[in-house]
Structure formats: structure tokens, C-alpha cells
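Heads up, the thing below is written out as C-alpha cells.
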Amino acid sequence: MSVLIMRHGEASSGSPDASRELSARGREEARRMGQWLAHQLPAERRARLTLVVSPFTRAQQTAQEVSSALKLAGEQQTTLEIITPDDPLTPVLDWLQTHVPPCSEAREPRDWLIISHNPLVSSLASALVDGPGSTQLAFATASLAWLDADIWAAGLADLHHFVSPAELD
């Protein structure tokens, strides 16, 4: 089972922060990352992928681009209110332990793609791989950390891939 953690694409400036939209570059970044994922995930894994997305506009737009590239159904996406830019890490880790069962307990293995914001994505990926207080991974816009684990708790995940749109050139 994998959890993929992605930062939204580049956003335009503006306010309020929750309503900022993707720039043209941000849409392209999200589309390219979606296409990369489509090549990485076979059809059977795409069919069991769930997108968990911040309610902020730029994250929702990033999810639309990724969903389109992966050809996902609408029911494969959910909005999670606790993954906005300044939300604390602990409730997100608790959510993972509650909603993403250990591999041994999963009736049907699922993969998860969390689309959110810095600093949350950096803190989350770093904590899952290296534990609390670890050095933060530097997430450029639309970057993605692909983690594998049997149990989703701090320090227990392996970093399978860390990729940004700039690396796809």
C-alpha cells in the first residue's frame, strides 16, 4: 500500500488565500505530474487510488488535473478539511492511522494521494519517513513523495520516489 503526498501546482497571487487559483504554469505542472503517475501506476492500481484533497481552490484544481490524467472516477476523490497550509501535523497522522489500515488488515488494498500545501506536505512526508523532528523534505510546487509502509505512523514509511515537474523535462 502506498501513500503519495503532493503539493499543489504553482498558484497565482491574491486573497483570500483559500481562493487562490492555479497559474497556467501550475496547471501544466499538475497535468505533467498526473501523466507521470499514469505511467507509474498500472490500471488496477489507478482503480483503487483515492485522492484526499485540501479544500483550498489551488489544491482542488491540482486534483482535477491529476484525476483527468489518471482517468479517475469522481467517487475516487474526497476533500479533507484538516490539510490546509497551517493545519497541525498530529491530526493528519491520526487521520492516516484511522483511515489507512495496515496492509495486514486491509480487505482491499488501496493507494492514497494526498494533495495539500507547504509546510504540511513537507512535515507529513518527513515525519512518516524519518519520525518527528526530522529534516524537512523540500517540496517545490507539484512535487510528489511516494511512500510505502505496512503501518502509517511516524518513522515507519520508506521513500519510494521523490519527484518534481522540473525533473520530468
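Take 290 as the starting number for the sequence shown in this note's numbering and just add one per residue. Quick reminder that beta carbons are idealized off the backbone N, C-alpha and C, glycines included.
| Check | Outcome |
| --- | --- |
| Three CB pairs or more closer than 8 Å across the stretch 400–411 and the stretch 443–458 | no |
| Ala-434: first and last residue of the uninterrupted beta strand (DSSP E) it sits in | 433–437 |
| Environment of Ser-301 [buried if 16+ CB atoms lie within 10 Å] | exposed |
| Buried or exposed (CB count within 10 angstroms, at least 16 for buried), Glu-370 | exposed |
| Given Pro-421 as reference, the closest of Pro-390, Asp-439, Trp-435 and Leu-382 once Cα atoms are compared | Leu-382 |
| Helix, strand or coil at Asp-419 [DSSP, three-state] | helix |
| Meets three-Cβ-pair contact criterion under 8 Å: the stretch 359–366 and the stretch 323–330 | yes |
| Of the residues Pro-377, Leu-326, Thr-373 and Ala-313, the one placed nearest Ala-434, counting alpha carbons only | Leu-326 |
| Distance CB(Gly-298)-CB(Thr-430) smaller than 9 Å | yes |
| Option in Leu-445, Arg-347, Ala-352 and Thr-346 with minimal Cα separation from Leu-340 | Ala-352 |
| Limits of the unbroken alpha helix (DSSP H) element including Val-292 | Taken as a continuous stretch (DSSP letters only), Val-292 belongs to no alpha helix (DSSP H), being part of the beta strand (DSSP E) at 291–296. |
| Exposure of Leu-445, with buried meaning 16 or more beta-carbon neighbours within 10 Å | exposed |
| Endpoints, the beta strand (DSSP E) within which Ser-405 is located | 400–405 |
| Exposure of Glu-364, with buried meaning 16 or more beta-carbon neighbours within 10 Å | exposed |
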